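Notes to accompany the following structure.
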Amino acid sequence: MPAPPPPSARNALLRPALPAALLLFLAVTLRSGAMDNTVRFLDHDAGVLALVSLSATVLWGLAATDRLVLHTPHRLLAQAVHRATGVAGLGFLGLHVWVKAAEGHTTATAAAVPFTDGARPVLIGCGTLAAYGFLTVAVSGAVRGAFAGRTTARWWWALHTVAYACWALALLHGLKSGRAAAGWAVAGYGTALAGVAVRLALRLRGPLRIPGGEPR
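Residue numbers for the sequence shown follow the working numbering, so the first one is -5 and each next one is one higher.
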C-alpha cells in the first residue's frame, strides 16, 4: 500500500485548487443571482454593521482601561474584543463605502474628499472624516510598539483618543444620512454616547494614566 504524500506535497497540491474553487464559487454565485442579493444586503446593512462594530470597539476599548472593577485577565479580554470589533468595523466600513459609491448613492470623490457630496455634503462629509479618523487610529494602534517610550506614549494616547470624536461623527452620519433609524436604536446609541461621555469625564478628573507612563 503506497504511503500517503507528506504534508508539504499535499499543500502543494491544494494551493492551485483553492483559486479554482474560489472562481467556481463566484461563477455559481453570479449565475444564481446571489451576488445581487449580497449587494442589496450590503447596501442596506453594511453601514449599520460598521457603526455597531465601531461603537462596540469604542465601548470595549474604554472598558479595557478600567482598573477599579476589572482585573488584568478581564482587561486583556476586553482588549482582545476591542481589537476584533475594530477589525470587523473597518471591514464593514470598506464595504459600506464601496457599495454606496458603486450603487450611485454618492460619488467616489465625495467618499474620499469631505464635504463634496452634492446632496448632503455635511452628513456625508462627517462620515468621510470619521472613516479617516478610524483608519488613523487603527494604524497607530497597529504600530503601538513604535511608541514604547514614555514621551512618545503620550503622543500615541492623544492620537488614540481621536476615536471618540470619530465615533460621534459616525453616529451623526449613520443616524441622519440614511434611512430613519428605529427609536430603540437612537435611544441605544444615545445611552452609549452619554455613558462614554460620563466615563471620560470621570477619567479626566482623576489621575491620568498614559500608556507607558505613570499617573499624573
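Using N, Cα and C, we set each Cβ at its ideal position, and we do this for glycine too. All figures in this text were calculated on a predicted structure; none of them were measured in a lab.
Does chain C have any CB closer than 8 Å to the CB of residue i?
| i | result |
| --- | --- |
| Val33 | No chain C appears in the structure shown, which is made up of a single protein chain. |
By the DSSP assignment, the alpha helix (DSSP H) with residue i in it spans what residues?
| i | result |
| --- | --- |
| Thr122 | Pro115 to Ala136 |
| Leu69 | Looking at the sequence shown, residue 69 is not Leu but Arg. Per DSSP, Arg69 belongs to the alpha helix (DSSP H) from Thr66 to Ala96. |
| Val156 | Val156 to Lys170 |
If residue i and residue j are in contact, beta carbons under 8 Å, what's the gap, nearest whole angstrom?
| i | j | result |
| --- | --- | --- |
| Thr122 | Ala105 | 6 Å |
| Val81 | Tyr158 | Between Tyr158 and Val81 the Cβ distance is about 19 Å, and since that is not below 8 Å, they are no contact. |
| Gly172 | Gly41 | 6 Å |
Less than 8 Å between the C-beta atoms of residue i and residue j, yes or no?
| i | j | result |
| --- | --- | --- |
| Thr130 | Val93 | no |
| Ala72 | Ala58 | yes |
| Ala50 | Leu84 | no |
| Arg193 | Leu56 | yes |
With DSSP run on the structure shown, which of helix, strand or coil describes residue i?
| i | result |
| --- | --- |
| Ala188 | helix |
| His99 | coil |
| Pro209 | Note that Pro209 has pLDDT 44, beneath the 50 cutoff, so the model's placement of it is unreliable and no number is given. |
| Val180 | helix |
| Phe109 | coil |
| Ala147 | helix |
| Leu202 | Confidence at Leu202 is low in this model, with a pLDDT of 47, below 50, so the placement of that residue should be treated as unreliable; the coordinate-derived value is given next. The answer is coil: DSSP assigns Leu202 none of H, G, I, E or B. |
| Ala195 | helix |
Restricting to Cα atoms, I'd like to know which of the options is closest to residue i.
| i | options | result |
| --- | --- | --- |
| Phe128 | His68, Ala188, Ser47 and Asn31 | Ser47 |
| Asp37 | Leu62, His167, Ala179 and His90 | His90 |
| His125 | Asp111, Val107, Ala186 and Arg34 | It is worth fixing the name first, because residue 125 is Ala in this sequence and not His. The shortest C-alpha separation from Ala125 is found at Val107. |
| Ala162 | Gly189, Thr110 and His68 | Gly189 |
| Leu196 | Val33, Asp39 and Leu62 | Leu62 |
| Thr32 | Glu97, Leu56, Ala174 and Leu70 | Glu97 |
| His154 | Ala164, Leu169 and Ser134 | Ser134 |
| Ala44 | Gly88, His65, Lys170 and Thr103 | Gly88 |
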